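Residue numbers (the numbering used here): 709 to 1078. Idealized CB from N, CA, C, for every residue including glycine. Computed from a predicted model, the values in this text were never measured in an experiment. Heads up: the structure comes next, in structure tokens.
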Amino acid sequence: MPPPSKHPKLPPAPPTPRARPIRPASPKTDPPDAAEQAARLDRLLELITLLQARRDWTPTSLAEHFKVSAKTIYRDLDTLARTGLNVTFDRKAKGYVMPQSTFLAPLQLTPEEALALIVLCEDVAGRGQVAHLSAAMKAKWKIESQLPPELRSRLEPVMDSIRLQPARGSEQATDGEEQVYRLIRGAIERRRALRLTYASPSRRAPSEPFVFEPYTLWFSVRAWYAVGLHRGHGQVRSLKLRRIRSAAITATAYAIPDDFSIDDHIGNAWQMIRGPHDQRVALRVLPPIAETVADTRWHHTQEAEHHPDGSVTLRFTVAGLDEIVWWVLSLGPACTVLQPPELARRVADLAVQIAANYARPPATLATDQA
């Protein structure tokens, strides 16, 4: 976002392919007091970190982050530029950026930041809840080794009292899966296509080899996926890493589309399988589980309407019904589909099949299982 025209233009910074000089706001006439100077120094230090971490910070988004005016942000950007730091405007990302090579500052973590990082590394990576993140444990050890003694003494009593329990995968990753993960990560970094064979859920035998251009690695619902262009189908597909039977990097270069995002690819899918079009879904959930169900945000489009009798109407906009139908069934008889009719029919048909499985006496079922 270009700054207002009333600001005087700075001398141009060293030219870069996608850079433009920053134009500062007019300087303040009244000297700031000590508290204001300290607050600004903190803001400038954090601003450096933000500009090195992301490439889409605009004066407006920075102003919202720091809860100051855009005019103040222009002044801060000008201060950084005048000290010789390479603050430029990335036209592609439409935001200000500072190359990480400018300097590598030592980390100064607050107790809350250190605790959050240690818990994430320990519980998510260290306990194997998300595969292929073992390097996070090395980072955890480095963080702990660099903490001042007084900070470590504050954190140790609470580190073991916080636990995260995301949905687990079916099994621990094998060495072969770890190799596939690293191979795909390297292909994305080098922008080189892969030649894969893949065993889909519908057939055990591996597919014929095909060319795959990976865009991103994505962990969703207990498993890792590679999302990218399947040359054989001519479509962006999500491939489960566990089902990849062979993988090799080719010499074929490719480009990730500038407008690709995993959020756009998933759209309004209930979890990850996107249907052909969006549909409005309405469910009536009865006590005693109504409040418990409504307390959880199951989908980003979720709306909840609470009724005097304790029931709740949940509404969603979902692309495809193949995934949500199983979630509705998991709520049992306390949930009724109000719309669409297709979802109601599918739930009813499956409920009839489930009831048929239990129509025989329990003794008969036990005999069959034996």
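CA nearest to the CA of residue i, picked from the options
i, options, result
"Glu852", "Glu885, Val832, Thr818", "Thr818"
"Arg945", "Leu994, Met980, Asp831", "Met980"
"Lys846", "Ala833, Leu855, Arg911", "Ala833"
"Leu793", "Pro807, Tyr782, Asp1003", "Pro807"
"Pro1086", "Pro996, Arg988, Thr787, Leu841", "The shown model of the chain, from 709 to 1078, leaves out residue 1086, and the question about it has no answer."
Through-space distance from residue j to residue i, alpha-carbon basis
i, j, result
"Ser915", "Arg762", "39 Å"
"Glu885", "Pro917", "18 Å"
"Asn1065", "Val1055", "15 Å"
"Glu999", "Phe774", "36 Å"
"Ala961", "Arg900", "5 Å"
"Val805", "Leu758", "8 Å"
"Ala789", "Arg751", "15 Å"
"Leu1037", "Arg1068", "21 Å"
"Pro922", "Asp1057", "38 Å"
"Val1045", "Ala1052", "5 Å"
"Arg950", "Val888", "9 Å"
"Trp849", "Ile896", "28 Å"
"Gly936", "Val1060", "39 Å"
"Leu841", "Ile826", "14 Å"
"Asp1030", "Leu994", "23 Å"
"Ile1032", "Asp786", "51 Å"
"Ile781", "Ile756", "12 Å"
"Asp798", "Asp764", "8 Å"
"Leu855", "Thr924", "33 Å"
For residue i, three-class secondary structure by DSSP
i, result
"Arg1005", "coil"
"Glu772", "helix"
"Ile870", "coil"
"His985", "coil"
"Ser954", "strand"
"Pro1041", "helix"
"Asp818", "It is worth fixing the name first, because residue 818 is Thr in this sequence and not Asp. Reduced to three states, the DSSP call for Thr818 is coil."
"Gly936", "strand"
"Glu852", "helix"
"Gln745", "helix"
"Glu921", "strand"
"Ala761", "helix"
Neighbourhood of residue i by C-beta, 6 Å cutoff - its chain only, sequence neighbours within 5 removed
i, result
"Arg1023", "Ala990, Glu1011"
"Arg953", "Thr905, Ala907, Pro914"
"Ala956", "Arg903"
Contact set for residue i: own chain, Cβ-Cβ below 7 Å, skip 5 residues either direction
i, result
"Ala778", "Pro767, Thr768, Ala771"
"Ile1062", "none"
8 Å Cβ shell around residue i - same chain, five flanking residues per side excluded
i, result
"Arg862", "Pro819"
"Met867", "Leu823, Ile826, Val827, Glu830"
"Val776", "Arg751"
Quick check: the stretch 961 to 973 against the stretch 1014 to 1022, are at least 3 beta-carbon pairs closer than 8 Å?
The answer is no - the stretch 961 to 973 does not touch the stretch 1014 to 1022, with fewer than three Cβ pairs under 8 Å.
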